[in-house]
Amino acid sequence: MYAKGQTVISYMEELAPKHLAVPDDRIGLQLGTLAKEIKKVLVALDVTDEVVEEAIRLEADLIIAHHAIIFRPLKSLNTDSPMGKLYEKLIKHDIAVYISHTNLDVAEDGINDWMAEAIGLKDVAPLEDLHTDHLSKLVVFVPKSHHQKVLDAVLDAGAGSIGNYSHCSFNIDGYGTFVPGDATQPFIGKQGQMERVEEVRIETIVPNSIRNKVVQAMLKAHPYEEVAYDLYPMDMKGRTLGLGRVGKLSAPVLLQELVDKVKKQFDVKQVRVVGDLNRQIKKAAVLGGSGSRYVNHALFRGADVIVTGDIDYHTAHDALMAGIAIIDPGHNIEKIMKPNTVKWLKEKLEKGRYATEVNASEIDTEPFQFV
């Protein structure tokens, strides 16, 4: 059985929820339809003509990419233009295009976390805070026979995270009473008769951003037709997410050593470097994409170096004067999203017992040549 397009994208949006995107970002379905079976998915950094040809060869039904193919509203669709020809080719071969951009940058276990992990950062925090989740307390009453099933459903849906601990809950035994009405079909008991049932009270915390998802998972697993549950707003705040990451290296290294590691981990032959190659680096920042305006953020967070792309001339001079180093491996290092996104989707599809294939594009979309 193949997954529907909506199912594939629901998995993608578990990884990178759309609400995490910065305002006015071009994300989501940009071309085609998701109302179809998806036999093959191609994950790419950019949707170029070569990538589209690759998708056609693979007979892919869906391209999931990081960079948008439609940046501004179209006033016309001229199929004689390069982009018009690209759109026409995608439409003719019924290939949908879905974009996950800054939401994938911001997401926990998204591009910036993958970059931070690649260079060995620990005690990682966002470089720029954008989203702080608020929390609710979920309380639900479950018959003992279904206690574990409901508990697993709620916690596996994302409830119960406290700091670095997951699946946190409190459970206490008690009993519930009810009288099923005339129009009911009770799981336990008979219409018109008082019932007293041994139940378990489950308490856990839920980030408001996934509250509906958790509640739906709970209702699906619960045996009662009318489920008794409460949601209480909490003053506590949940995790903070944002663009970029900053953290400590496990041990101090020379800037030259970190340069060598960046080249190896991100598979780039050349990088641009600002700063003394023999200086010691203890704390580093990373930011996928264009990072010129985030150099000051890295400086404010106490980083000795920032690893990012598209640094301009004047920003480099400002960094030299401020005493922060820069390693610029280019914008294309965001290609780290391909294998990691493929891994995520494959695991989700296999768990759902879908036969849909997911492939990483083998096309190098780096537009620059280094001579």
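So that you can map any letter, position 114 of the sequence shown is 154 in this note's numbering, and since no number is skipped, the others follow by simple counting. Every residue, glycine too, gets a C-beta built ideally from N, C-alpha and C.
For S50, the enclosing alpha helix (DSSP H) stretches over residues G45 to L55. Counted as a single uninterrupted DSSP element, the stretch harbouring L170 is not any alpha helix (DSSP H) but the beta strand (DSSP E) occupying residues L161 to P183. Per DSSP, the beta-bridge partners of V81 are L102 and V398. Counting only runs of at least 3 residues, the segment 352–399 fully encloses the following beta strand (DSSP E) elements, listed from N- to C-terminal order: 365–368. A165 is not a Cβ neighbour of Y138, given a cutoff of 9 Å. For E266, the secondary structure class from DSSP, reduced to helix, strand or coil, is coil. Boundaries for I110: no beta strand (DSSP E) harbours it, and the DSSP string shows neither H nor E there.
Secondary structure at L327: strand, using DSSP grouped into helix, strand and coil.
Its Cα nearest to that of L114, the residue Y127 stands out among Q225, Y127, A199 and K79. CA-CA distance, N152 to G216, rounds to 47 Å.
Every beta strand (DSSP E) stretch that sits fully inside the segment 243–318 and reaches 3 residues is listed by chain position as 269–294 and 312–314. A136 is classed as buried because its beta carbon has at least 16 other beta carbons within 10 Å across all chains shown. Taking 9 Å as the cut-off, the Cβ atoms of S176 and P292 do not count as close.
In the DSSP assignment, Q188 falls within the alpha helix (DSSP H) that extends over H187 to D196. With fewer than three CB-CB distances shorter than 8 Å, the segment 302–320 does not count as touching the segment 185–195.
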